[in-house]
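Chemist:
Okay, structure coming up:
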């Protein structure tokens, strides 16, 4: 049986894994910034207040976290109704070094094979919790076409092996060497339609033959 403390501890660990505070996690998910504050976890009359299933679904979507990964977070120590623990929660996943370059630099040759997998020796590396895709890599955002979601200097972790669906945030590389971070609107046998998250930028429609590869963004820093 799940407990109140387990749920809140899992949310705290999810925030920590994504380099966020509980408030930062709530904001990323489009919730009120105080939604996950510790003071909100107990009602004024002392009863446990549980996060809604809608709130949990939103934070999983905002961080690209699968339900299985979230369930793994629930296996940690139960900290009780207050959500406090005398000892820091242990990391739930080991870390490993993953390749890291700038988004603009990614357009240069020698960093990817034709399928979008990282190759070569010109990459820097950062430590990141283990992900299912051993070929995952990090790109540093430049430009403002992804504002307000991604700002220049933010990191996104990309999984070239992940399936890509409508509505996913993706990185696209064209045969001309252009690298774009966008939202996938539609993909057909003939075209790839992309949307800029910044409303000041128009969307892009590319011929499918002009697209070298598309890879899904599975995590982003704030």
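Numbering (the numbering used here), first residue to last: 64 to 285. Ideal placement from N, C-alpha and C gives every residue a C-beta, glycine not left out. Predicted model only: the values in this text are computed from it and were never measured.
Looking only at its own chain, which residues have a Cβ that is under 7 Å from the Cβ of residue 136, when we skip the five neighbours before and after it?
Modeler: Cβ neighbours of residue 136 beyond the five flanking positions: 73, 76, 77 and 155.
Chemist: What is the DSSP secondary structure of residue 275, counted as helix, strand or coil?
Modeler: Residue 275 falls in the strand class under three-state DSSP.
Chemist: May I ask you to report which of helix, strand or coil DSSP gives residue 61?
Modeler: Outside the shown range of the chain, which is 64 to 285, sits residue 61, and nothing can be said about it.
Chemist: On the three-pair Cβ rule with 8 Å, is the stretch 100-120 touching the stretch 248-259?
Modeler: No, the stretch 100-120 is not in contact with the stretch 248-259.
Chemist: Would you say the stretch 228-241 touches the stretch 185-201, given that touching needs at least three Cβ pairs under 8 Å?
Modeler: Segments in contact, no.
Chemist: Please work out which residues of its chain come closer than 7 Å, Cβ to Cβ, to residue 241, disregarding the five sequence neighbours upstream and downstream, and give them in chain order.
Modeler: Same-chain partners within the cutoff: 170.
Chemist: Alpha carbon to alpha carbon, what distance is there between residue 163 and residue 282?
Modeler: The straight-line gap from Cα to Cα measures roughly 14 Å.
Chemist: How many Å lie between residue 120 and residue 208 at the Cα?
Modeler: Distance between the alpha carbons of residue 120 and residue 208: 26 Å.
Chemist: Please go through the same chain and pick out, in chain order, the residues whose beta-carbon is closer than 7 Å to the beta-carbon of residue 273, but skip the five residues on each side of it.
Modeler: Only 237 and 238 meet the Cβ criterion.
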